[in-house]
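Encoded as structure tokens, the structure appears first; notes follow it.
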Amino acid sequence: MKLIKQFDIILLLLWCILSFNFIENINSGPISSLSSCLSSIEGPVIYPNDTLFPSLIIDQNIRVNYTPTVLVYAIDNKDVQKAVKCAVELKRDIVPRSGGHSYEKYGLGGRDNVIVLDLTFVNGITINSETETAKIGAGNRLGNVYNQLNQAGFLIPAGLCPSVGIGGHALGGGFGYYSRKYGLACDNIISMEMVNAKGEILQVDSILNSDLYIALRGAGGGSYGIVTYFVFRIHRTPPQVTYMELAFNRANMTQVYQLFDTFNEVGPLLDDGIALKMRLNKSSLSITGLYLGPCAEAQNAMKEFLSKAPEPISIPKFIPQTFYESVETLSKSPNKYEVVNPVHHPNFFKAKSFVVKGKGLTRQAIKVLVDFLNGASCKILASFDLFGGAANVYDSSSSFIHRDALYCIQMESDWETKEQNTKCTDEINEFGRNFQLNFTSDESYQDFIDRDLDDWQTRYYGNIFGKLVKIKRKYDPNNLFNFPQSIPVQV
Ligand SMILES: Cc1cc2nc3c(=O)[nH]c(=O)nc-3n(C[C@H](O)[C@H](O)[C@H](O)COP(=O)(O)OP(=O)(O)OC[C@H]3O[C@@H](n4cnc5c(N)ncnc54)[C@H](O)[C@@H]3O)c2cc1C
Ligand SMILES: *[C@@H]1O[C@H](CO)[C@@H](O)[C@H](O)[C@H]1NC(C)=O
Ligand SMILES: *[C@@H]1O[C@H](CO)[C@@H](O)[C@H](O)[C@H]1NC(C)=O
Ligand SMILES: *[C@@H]1O[C@H](CO)[C@@H](O)[C@H](O)[C@H]1NC(C)=O
Ligand SMILES: *[C@@H]1O[C@H](CO)[C@@H](O)[C@H](O)[C@H]1NC(C)=O
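Numbered by mature numbering (1 follows the signal peptide of the UniProt record, and there is no 0), the letters in the sequence shown go through residues -19 to -1, 1 to 472 in order.
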């Protein structure tokens, strides 16, 4: 009798366990247990069954496309922490996205089926004019950052495409028209808040978690954790700046060589307040520039350059502007509205980057480049960002290694339909490989990330790669934060 009772109880228990598991299985298969875990997130959580979903995964480069499991739009640190804990608990991959401008769509993980932690709504900006610092949410777009800082009379040195996210941009370096004067965006990061793989918030600065501070400033995109806030050093905007535009004869090779000679020789000697971007394609050769001061000073600062450069094909433009007007002009936005309310302009593209050092490209290299542009079957543009000044100041507390660059070349091909994807990608890849081998340094720029680059570890991070791996092992030993070119746990 007693025995039977015990047996009954055991059966009852067994039934309970089994049926509980069964119910668990029907109600919480992989997806719905994820959705129940994410249900306490305050911000919008968007699943593929939402009509909004397809428009939220387009991003900038439509050459590659990935479909995440879910988009989590965090509104604060707590949301980020919750999402990271869910990812760990449910053994899911989680990937941070700020502006979605990664050239390889790494803001979506560079693969399908990840949890995307989007920071769009972590977009506070608090400016402290006295300390000349600003706390900036990682989800801000550069256009908003410039607009808001400008209203208080400040700037940060960064790129000028308004829809680029400050998060991915500053963590990979962030070069722009103010970098010769004030350094890269990453150089101006004083501190950060980062959610780590345990879902804890870490304060990161030159004292607290100082190894992570080094890693994040240049190698921080997607590898160590989710940065939610930055404190940047900000700089007073000059009352007047000068926008410059110079156009040259692309058809005459003597003149093409002469402009390169000038760029190579006079470029490094230019005042730090001057920024120059040279552009070369099949049909045109031009320079866009900015001087952080009045027009007469700009002309003076450019005197030697212009005297050595070939005869321009139109009168050089030196246009006095306010700082913010120059942001609008240089951003190449179709209208002012888009600078403060940036949108993506998705297109098919592939880009390569080459860091050029020493005396610059040789005549032979220029000839090879020009011949390639002339004969290429796809549309290709090479742009040359003049480095030097503050951008070249070596800083052992950053992971941006390209400090002895004369200029960084970006070679970009863009096209109209996906049928051209393979042809245009192969064309630029093959040329780029040989061109870098024969004519430039072996370094490339991590913010122009390139999945087809061999030995990217040393091209992006040089001899600090080993150190970056050690820091990765310390802060994310299980490699929760990963993408095809993330810092690995083991060399
Ligand atoms: C049109 C255009 C113009 C550009 N102009 C310039 C320029 O002038 N100068 C320049 O230096 N670069 C420029 N870039 C490159 C740009 O800096 C990089 O693409 C940058 O990584 C984009 O950042 P994002 O936040 O928009 O991208 P995302 O795709 O969101 O992120 C890029 C990478 O960083 C990671 N990441 C994003 N946010 C965080 C975060 N909060 N914490 C941790 N990791 C994060 C992502 O996981 C991903 O791996 C340009 C790019 C484009 C498309
Ligand atoms: C959409 O998908 C999520 C996650 O699977 C689910 O929780 C939700 O109920 C679905 N919504 C609709 C309207 O089907
Ligand atoms: C090309 O430019 C050089 C230098 O300005 C000039 O001497 C030469 O005549 C030009 N060639 C042609 C074909 O115009
Ligand atoms: C070359 O660049 C110029 C100026 O940026 C542009 O107007 C032109 O369309 C480009 N040409 C080609 C063939 O890409
Ligand atoms: C680079 O050099 C190799 C070997 O000398 C040569 O075959 C190749 O054509 C060169 N490529 C470029 C793009 O210069």
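Yeah, the Cβ is synthetic: ideal placement off N, Cα and C, and Gly gets one too.
(message) Any residue with its C-beta under 5 Å from a non-hydrogen atom of ligand 5 counts. Can you list them all in chain order?
(response) V349, N415, F416, N419
(request) With DSSP collapsed to three states, give me the class of S264. (result) Within the sequence shown, numbered from 1, the residue matching residue 264 stands at position 283. In the structure shown, S264 sits in coil (DSSP, three-state: anything other than H, G, I, E or B).
(message) In the DSSP assignment, the beta strand (DSSP E) including P77 goes from what residue to what residue?
(response) To locate residue 77, count along the sequence shown from 1; it is residue 96. Segment 75 to 78, the beta strand (DSSP E) holding P77.
(request) On the DSSP bridge assignment, give the partners of E393 in chain order. (result) Looking up residue 393 in the sequence shown gives position 412. Answer is A332, L362, bridged to E393.
(request) For E5, name the three-state secondary structure that DSSP assigns. (result) In the sequence shown, the residue the question calls residue 5 occupies position 24. Caution is warranted here: a pLDDT of 41 is assigned to E5, below 50, making its placement in the model unreliable, and no coordinate value can be reported.
(request) Would you give the residue range spanned by the beta strand (DSSP E) that T107 belongs to? (result) Here residue 107 is taken as the residue at index 126 of the sequence shown, counted from 1. 106 to 109 is the extent of the beta strand (DSSP E) around T107.
(request) Indicate, with yes or no, if ligand 2 has a heavy atom lying under 7 Å from the CB of N410. (result) Taking the sequence shown and counting its residues from 1, one reaches residue 410 at position 429. Incorrect: N410 has no Cβ contact closer than 7 Å to ligand 2.
(request) Flag N233 as yes when its Cβ comes closer than 7 Å to any non-hydrogen atom of ligand 3, and as no otherwise. (result) Along the sequence shown, read from residue 1 onward, the residue named residue 233 stands at position 252. N233 Cβ: within cutoff of ligand 3.
(message) Is it buried or exposed, M175, if we count other Cβ atoms within 10 angstroms and call 16 or more buried?
(response) Residue 175 sits at position 194 when you count from the first residue of the sequence shown. Counting Cβ neighbours within 10 Å, M175 comes out buried, since at least 16 surround it.
(request) Could you have a look at Y28 and say whether DSSP puts it in helix, strand or coil? (result) For the purposes of this step, residue 28 is taken as residue 47 along the sequence shown, with counting starting at 1. In the structure shown, Y28 sits in coil (DSSP, three-state: anything other than H, G, I, E or B).
(message) In this structure, how does DSSP classify H216 when only helix, strand and coil are distinguished?
(response) Start at 1 with the first residue of the sequence shown, and residue 216 comes out as number 235. Looking at H216 - three-state DSSP - the assignment turns out to be strand.
(message) Give me, in chain order, the residues of the same chain whose beta-carbon lies closer than 7 Å to that of V472; leave out the 5 immediate sequence neighbours on both sides.
(response) Along the sequence shown, one-based indexing puts residue 472 at 491. Closer than 7 Å at the Cβ level, and outside the excluded window around V472, lie G447, V450.
(message) Comparing C-alpha positions only, which one of V95, K360, V320 sits nearest to L71?
(response) In the sequence shown, counting from the first residue as 1, residue 71 sits at position 90. Nearest option by C-alpha distance: V95.
(request) Determine the burial state of D383: buried for a count of at least 16 other Cβ atoms within 10 Å of its Cβ, exposed for fewer. (result) Locating residue 383 in the sequence shown gives position 402, counting from the first residue. Checking the displayed sequence, the identity of residue 383 turns out to be His instead of Asp. Buried: at least 16 other Cβ atoms inside 10 Å.
(request) Give me the Cα-Cα distance between I7 and G90, rounded to the nearest whole angstrom. (result) On the sequence shown, position 26 is the one that residue 7 refers to. On the sequence shown, position 109 is the one that residue 90 refers to. For I7, the predicted model reports a pLDDT of 44, less than 50, meaning its position is unreliable and no value from the coordinates is stated.
(request) May I ask whether a heavy atom of ligand 1 can be found less than 7 Å away from the beta carbon of S79? (result) Here residue 79 corresponds to residue number 98 of the sequence shown, with the count starting at 1. Yes, the beta carbon of S79 sits closer than 7 Å to at least one heavy atom of ligand 1.
(message) Considering Cα atoms alone, identify which of I452, K453, D428 is closest to Y441.
(response) Here residue 441 refers to the residue found at position 460 of the sequence shown. Per the Cα distances, D428.
(message) Our contact map puts N104 next to N131 with C-beta atoms below 8 Å; I'd like the distance itself, whole angstroms only.
(response) Position 123 of the sequence shown holds residue 104. Position 150 of the sequence shown holds residue 131. Between N131 and N104 the Cβ distance is about 17 Å, and since that is not below 8 Å, they are no contact.
(message) I need the DSSP call for T269, collapsed to helix, strand or coil.
(response) Here the question's residue 269 lines up with position 288 in the sequence shown. Note: T269 maps to strand in three-state DSSP.
(message) Between the alpha carbons of E23 and P49, how many angstroms are there, rounded?
(response) Sequence index remark: in the sequence shown, residue 23 carries index 42 (1-based). Sequence index remark: in the sequence shown, residue 49 carries index 68 (1-based). Roughly 20 Å between the two C-alpha positions.
(request) Could you have a look at F299 and say whether DSSP puts it in helix, strand or coil? (result) As a working note, residue 299 is residue 318 in the sequence shown. Three-state DSSP puts F299 in a strand.
(request) Check D428 in the structure and name its three-state DSSP category. (result) Looking up residue 428 in the sequence shown gives position 447. Looking at D428 - three-state DSSP - the assignment turns out to be helix.
(request) Check each candidate in N30, L152, Y426 and name the one with the smallest Cα separation from V51. (result) Stepping through the sequence shown from its first residue, residue 51 is reached at position 70. It is N30 whose Cα lies nearest to the Cα of V51.
(request) Return yes when the C-beta of S16 is under 7 Å from any heavy atom of ligand 2, and no when it is not. (result) Numbered from its first residue, the sequence shown carries residue 16 at position 35. Flag set: Cβ of S16 near ligand 2.
(message) By the DSSP assignment, the alpha helix (DSSP H) with F446 in it spans what residues?
(response) Translated into positions along the sequence shown, residue 446 becomes position 465. Note, F446: alpha helix (DSSP H), 446 to 456.
(request) Could you tell me which residues DSSP pairs with Y388 in its beta bridges? (result) As a working note, residue 388 is residue 407 in the sequence shown. Y388 is bridged to V337, L367.
(request) Would you mind stating whether S79 and G149 have Cβ atoms separated by less than 8 Å? (result) Position 98 of the sequence shown holds residue 79. Position 168 of the sequence shown holds residue 149. Contact: yes.
(request) Have a look at L197 and N190 and give me their C-alpha separation to the nearest angstrom. (result) Residue numbering aside, residue 197 sits at position 216 when the sequence shown is read from its first letter. Residue numbering aside, residue 190 sits at position 209 when the sequence shown is read from its first letter. Between L197 and N190, the C-alpha separation is close to 11 Å.
(message) Counting C-beta neighbours from all protein chains within 10 Å, is the total for I452 16 or more, i.e. buried, or is it exposed?
(response) Taking the sequence shown and counting its residues from 1, one reaches residue 452 at position 471. The residue in question, I452, is buried, as its Cβ has 16 or more Cβ neighbours within 10 Å.
(message) Under 7 Å: does the beta carbon of L152 sit that close to some heavy atom of ligand 4?
(response) Your numbering for residue 152 matches position 171 in the sequence shown. No, since every heavy atom of ligand 4 falls outside the 7 Å radius drawn around the Cβ of L152.
(message) Could you tell me the alpha carbon to alpha carbon distance between E411 and F329, rounded to whole angstroms?
(response) Within the sequence shown, the letter at position 430 stands for residue 411. Within the sequence shown, the letter at position 348 stands for residue 329. Approximately 18 Å between the Cα atoms of the pair.
(request) Could you please give the first and the last residue of the uninterrupted alpha helix (DSSP H) stretch that includes S380? (result) Counted from its first residue, the sequence shown places residue 380 at position 399. It is not in any alpha helix (DSSP H) - S380 carries neither H nor E in the DSSP assignment.
(request) Would you be able to state if there are at least three C-beta pairs under 8 Å between the segment 249 to 266 and the segment 222 to 238? (result) yes
(message) Between the alpha carbons of V53 and S36, how many angstroms are there, rounded?
(response) The count along the sequence shown starts at 1 and reaches residue 53 at position 72. The count along the sequence shown starts at 1 and reaches residue 36 at position 55. V53 and S36: Cα-Cα distance of roughly 15 Å.
(request) Look at the alpha carbon of E393 and the alpha carbon of S17, and state the distance between them as a whole number of angstroms. (result) By one-based count along the sequence shown, residue 393 stands at place 412. By one-based count along the sequence shown, residue 17 stands at place 36. If you take the alpha carbons of E393 and S17, they lie about 43 Å apart.
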